[in-house]
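Note sheet for the following structure.
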Amino acid sequence: QYLEVWRTFIKTCTRSLAAPDSFCAKKFFDLSGLSKKSPQDVKKVFGLVDKDHDGFIEEEELKHFLRTFCPGARLLTDKETKAFLSVVDNDGDGRVGADEFQALVLS
Ligand SMILES: [Ca+2]
Ligand SMILES: [Ca+2]
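Below is the structure:
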């Protein structure tokens with residue numbers, strides 16, 4: 001089932017997010033089917049994006065969001081990274097906690 005999540009992600013990011021500044025977090029989670037996955041799957045995805053495994057997705061890791069799922073995908077632009085952070089960072093500490101990520105994906 002985890003592989004299935006992975007595959008839908010890859011399909012989504014290669015299909016519709018190639019143009020700079022076209023990234024929308026909410027749209028991406030809907031398109032990829034992740035918003036319909038279990039909290040456990042979402043947690044696994046969080047772990048992939050949190051490359052240094054400190055329990056938070058920092059701005060730099062967020063920038064690599066698409067590339068995490070699809071090697072060769074583009075980096076998010078500064079504008080997209082900031083927009084992404086602003087919708088997900090509920091406590092305003094400038095990074096994304098697992099609970100914040102889960103809340104956004106599954107909302
Ligand atoms: Ca991190
Ligand atoms: Ca936060």
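Mapping of the sequence shown onto UniProt numbering: residues 1 to 107, in sequence order. No residue lacks a Cβ here, since even glycine has one placed at the ideal position from N, Cα and C.
Can you tell me whether residue i is buried or exposed? The criterion is at least 16 other CB atoms within 10 Å of its CB, across all chains shown.
| i | result |
| --- | --- |
| Lys37 | buried |
| Val45 | buried |
| Val96 | buried |
| Asp54 | exposed |
Report whether the distance from the Cβ of residue i to the nearest heavy atom of ligand 2 is below 7 Å.
| i | result |
| --- | --- |
| Val96 | yes |
| Asp41 | no |
| Gly93 | Before going on, a small fix: residue 93 reads as Asp here, not Gly. For ligand 2, at least one heavy atom lies less than 7 Å from the Cβ of Asp93. |
| Asp89 | yes |
Given 8 Å as the limit, is there contact between the stretch 20-29 and the stretch 1-8, that is, 3 or more CB pairs closer than that?
-> no
Give a yes or no on contact between the stretch 72-88 and the stretch 56-64, applying the rule of three or more CB pairs nearer than 8 Å.
-> yes
What are the complete alpha helix (DSSP H) segments, minimum 4 residues, inside the stretch 9-94?
-> 25-32, 39-49, 59-63, 65-69 and 78-88
Taking 6 Å as the limit, tell me which residues put their C-beta closer than that to any heavy atom of ligand 3, in chain order.
-> For ligand 3, the structure offers nothing, since it holds only ligand 1 and ligand 2.
Are the stretch 63-79 and the stretch 12-24 in contact at 8 Å, needing three or more beta carbon pairs?
-> yes
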